[in-house]
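Below: one structure, written as structure tokens.
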Amino acid sequence: MSDKTTPVNNRQENDHERLELIINATGVGIWDWQIQTDELTFNERWAEIIGYRYDELHPIKFDTWASYLHPDDLIRANELITQHFNGDLEFYEVEARIKHKSGHYVWVQASGKLVEWDMDGNPKRMIGFHLDITERKKAEESMVLASQLLNESERIGKLGGWEFNLKTGDLFWTEETYRIHETTPEEFNPTVDAGVDYFLPESKIVIAKALDEAIKNGVGYDLELETYTTKGRKIDVRTTCTVSMEDGVPVRLVGIFQDITEQKNNQRKLEKVIVNCQLPIQH
0 MSDKTTPVNN RQENDHERLE LIINATGVGI WDWQIQTDEL TFNERWAEII GYRYDELHPI
60 KFDTWASYLH PDDLIRANEL ITQHFNGDLE FYEVEARIKH KSGHYVWVQA SGKLVEWDMD
120 GNPKRMIGFH LDITERKKAE ESMVLASQLL NESERIGKLG GWEFNLKTGD LFWTEETYRI
180 HETTPEEFNP TVDAGVDYFL PESKIVIAKA LDEAIKNGVG YDLELETYTT KGRKIDVRTT
240 CTVSMEDGVP VRLVGIFQDI TEQKNNQRKL EKVIVNCQLP IQH
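Residue numbering for the sequence shown follows numbering that gives the first Met the number 0, beginning at 0 and increasing consecutively.
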């Protein structure tokens, strides 16, 4: 008899060991919620994520745990749990802030699933995990802030950017480039031909030749030209291009697109004043 049961026991032990390894490697906190009694059990890592030892929190009720959630996230979490209980969501998943023992909030990805119901079909047991995603959220927030700062800098300097992928034919404009053209991504789909067509005749010849040299021979440019916006307003712009090469072949064009109308107008006024003054030449 023992010979037949030992392999099964060994497999169960091996499965348990593998599960422990996975939990330790991923750093997830495991939780088990007895819904009808409100009892919540969890592993050591679950407590560590919010700065506690296991024995400082155990035993705990679900409502007690919920009190650690940020108020805004608690509302969302309750909505998703209800949707999962009603069968509208296969899994319960939410990114939420939980108050750390030190007083600050940490971000966790909470996921769970109902695994047991009572005789009347009411939810009885739900299990899931918490994963600390604080560093990821900080990185995301830093990227958003950097994007906002870049966008504001572009707006103040009236300096946009563009990128043309020669392999795919995709042309990308930054927000300020759209603003300079007095349009939006929803109103205008930028293409090289469409962009070139807005330049005034003399400038159109210059930019078309410069783009051709960049695409065919990898020659960059830095030009001051005249163009129209999509609303028909004439403006002066500075446009540049830097070419990226692969195996001697141009593959990507990147540049700036800056509204320099004010500077050019001031320059023209100054030139006009100098001409009109007709100052005598000093010998």
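Where a beta carbon is used, it is the ideal one built from N, C-alpha and C, also for glycine.
Indicate the three-state DSSP secondary structure (helix, strand or coil) for residue i in the structure shown.
i	result
GLU270	helix
ILE80	helix
ASN265	helix
TYR53	helix
LYS166	coil
ILE132	coil
PHE61	helix
GLY26	coil
GLY159	strand
What does residue i pair with, by DSSP beta-bridge criteria?
i	result
TRP32	LEU39 and MET125
ILE97	LEU68 and VAL105
SER110	GLU92 and PHE128
GLU115	ARG124
TRP172	TRP161
Would you decide whether residue i is buried or exposed? Buried here means 16 or more other CB atoms lie within 10 Å of its CB.
i	result
LYS175	Rather than Lys, the amino acid found at residue 175 in this sequence is Glu. Buried.
GLN11	Low local confidence applies: a pLDDT of 49 at GLN11 is under 50, so the model's placement there is unreliable, with the coordinate-based value given in what follows. Classification for GLN11: exposed.
GLN257	buried
GLY159	buried
PRO249	buried
THR238	buried
MET118	exposed
ASP235	buried
HIS180	buried
ASN264	exposed
HIS129	buried
ILE206	buried
With a cut-off of 8 Å on the beta carbons, I'd call residue i and residue j a contact; round off their distance for me.
i	j	result
SER243	GLU225	28 Å between Cβ atoms; not a contact.
GLY127	TRP64	The Cβ separation is near 12 Å, so there is no contact.
HIS83	LEU113	7 Å
GLU140	VAL253	About 27 Å separates the two Cβ atoms, so there is no contact after all.
VAL191	LEU170	6 Å
Using 7 Å as the limit for Cβ to Cβ distance, is residue i near chain C?
i	result
ARG44	Reference to chain C is not applicable here, since this structure consists of a single protein chain.
Next item on the list: Could you pull out every unbroken beta strand (DSSP E) segment of at least 3 residues lying fully inside the stretch 182 to 258, listed in chain order?
Entry: DSSP runs (the beta strand (DSSP E)) wholly in the stretch 182 to 258: 220 to 227, 233 to 245 and 248 to 258.
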